[in-house]
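Q: Below is one structure. I have some questions about it.
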Amino acid sequence: MSLSVVVLISGSGSNLQALIDQSLKGKLDITIKAVISNKADAFGLARAVQANVPTKFINHKDFSTREEFDSELQKAIDQHQPDLVVLAGFMRILTEGFTRHYDGKMLNIHPSLLPKYKGLNTHQRAIDANENEHGVSVHFVSAELDAGAVIIQAATEIAENDTADSLSKKIHTLEHTIYPLAIKWISEKRLAYASGKVMLDSELLPETGIRYHQDLN
Ligand code: GAR
Numbered sequence: 003m004s005l006s007v008v009v010l011i012s013g014s015g016s017n018l019q020a021l022i023d024q025s026l027k028g029k030l031d032i033t034i035k036a037v038i039s040n041k042a043d044a045f046g047l048a049r050a051v052q053a054n055v056p057t058k059f060i061n062h063k064d065f066s067t068r069e070e071f072d073s074e075l076q077k078a079i080d081q082h083q084p085d086l087v088v089l090a091g092f093m094r095i096l097t098e099g100f101t102r103h104y105d106g107k108m109l110n111i112h113p114s115l116l117p118k119y120k121g122l123n124t125h126q127r128a129i130d131a132n133e134n135e136h137g138v139s140v141h142f143v144s145a146e147l148d149a150g151a152v153i154i155q156a157a158t159e160i161a162e163n164d165t166a167d168s169l170s171k172k173i174h175t176l177e178h179t180i181y182p183l184a185i186k187w188i189s190e191k192r193l194a195y196a197s198g199k200v201m202l203d204s205e206l207l208p209e210t211g212i213r214y215h216q217d218l219n
């Protein structure tokens, strides 16, 4: 049976688009039940409408505490009883209760080779630190920001003339490959998660997850 998914966004939604495209091509067996945004003008909402996916806007500014916003968000998600919650550029710090509610059922994509560069401005920080490489990680969400168990990472070299912008473009291309791939593994029941550990095809993954290479499928 198709994996039911709710996607949370705050912006452009290019990762959402990658999931929609893979699913339309029959390469990813998911049903996107809803796309929820905390920003009214997130372009991802238009992408969802275009794909006939129901959308919802919940303005975090309407709530005086994180707990109240997360509780409203949780209600909106649980209405769809999804198998998986996918954070795709959802730029909110989540409360512990919310993350616990979706333990093992919520993924995030973060533009760095975790555990390096948690938080914001990851591309510029990697350049400023004279890193040779930079990348992106897909991980289960835990209470601590950008610290949950990693499933897969993809890396790219930082060229001498790279800027935060050019690096962001390279990273986005990688994101559109590894996020659908991680979700495909879940839909195929090849990925198991328990107590902060991830197994793929019954093999325990290292702390930094699997490193993407072209033969992976
Ligand atoms: C992506 O680069 C994603 O890794 C990042 O937001 C961007 C969303 O792009 N997420 C974070 O920084 C989360 N901490 P998109 O809206 O085009 O999918």
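Numbering (the numbering used here), first residue to last: 3 to 219.
Heads up, the beta-carbon is just placed ideally off N, CA and C, and yes, glycines get one too.
1. Could you please give the first and the last residue of the uninterrupted alpha helix (DSSP H) stretch that includes Gln24?
2. Using 8 Å as the threshold, is the stretch 91-100 in touch with the stretch 11-28, meaning 3 or more CB pairs across them?
3. Within 8 Å, do at least three Cβ pairs link the stretch 105-120 to the stretch 139-153?
4. The beta strand (DSSP E) with Lys58 in it runs from where to where?
5. Report the residue from Glu135, Ala194 and His62 whose alpha carbon sits nearest the alpha carbon of Ser170.
6. In whole angstroms, what separates the C-alpha of Phe71 from that of Glu162?
7. The alpha helix (DSSP H) that contains Ile188, what's its start and end?
8. Between the C-alpha atoms of Pro117 and Thr124, what's the straight-line distance to the nearest angstrom?
9. If we ignore side chains and look at the alpha-carbon of each, how far apart do Asn223 and Phe142 end up?
10. So who's on the other strand from Thr33, going by DSSP bridges?
11. List the DSSP bridge partners of Tyr195.
A: Straight from the coordinates:
1. Counted from its first residue, the sequence shown places residue 24 at position 22. Per DSSP, Gln24 belongs to the alpha helix (DSSP H) from Ser16 to Leu26.
2. yes
3. yes
4. As a first step, residue 58 is located in the sequence shown; it is residue number 56 there, counting from the start. Looking at the DSSP string, the run of the beta strand (DSSP E) that includes Lys58 is Thr57 to Phe59.
5. Within the sequence shown, numbered from 1, the residue matching residue 170 stands at position 168. Checked all of Glu135, Ala194 and His62; the closest Cα to Ser170 is Glu135.
6. In the sequence shown, counting from the first residue as 1, residue 71 sits at position 69. In the sequence shown, counting from the first residue as 1, residue 162 sits at position 160. Distance between the alpha carbons of Phe71 and Glu162: 42 Å.
7. Here residue 188 is taken as the residue at index 186 of the sequence shown, counted from 1. Where Ile188 is concerned, the enclosing alpha helix (DSSP H) stretches over Ala166 to Ser189.
8. As a working mapping, residue 117 is identified with position 115 in the sequence shown. As a working mapping, residue 124 is identified with position 122 in the sequence shown. Taking the straight line joining both Cα atoms gives about 12 Å.
9. The structure shown does not extend to residue 223, since the chain is modelled only from 3 to 219, so the question has no answer here.
10. To locate residue 33, count along the sequence shown from 1; it is residue 31. Bridge partners of Thr33: Ser6.
11. Here residue 195 refers to the residue found at position 193 when the sequence shown is read from its first residue. BP columns for Tyr195 point to Val200.
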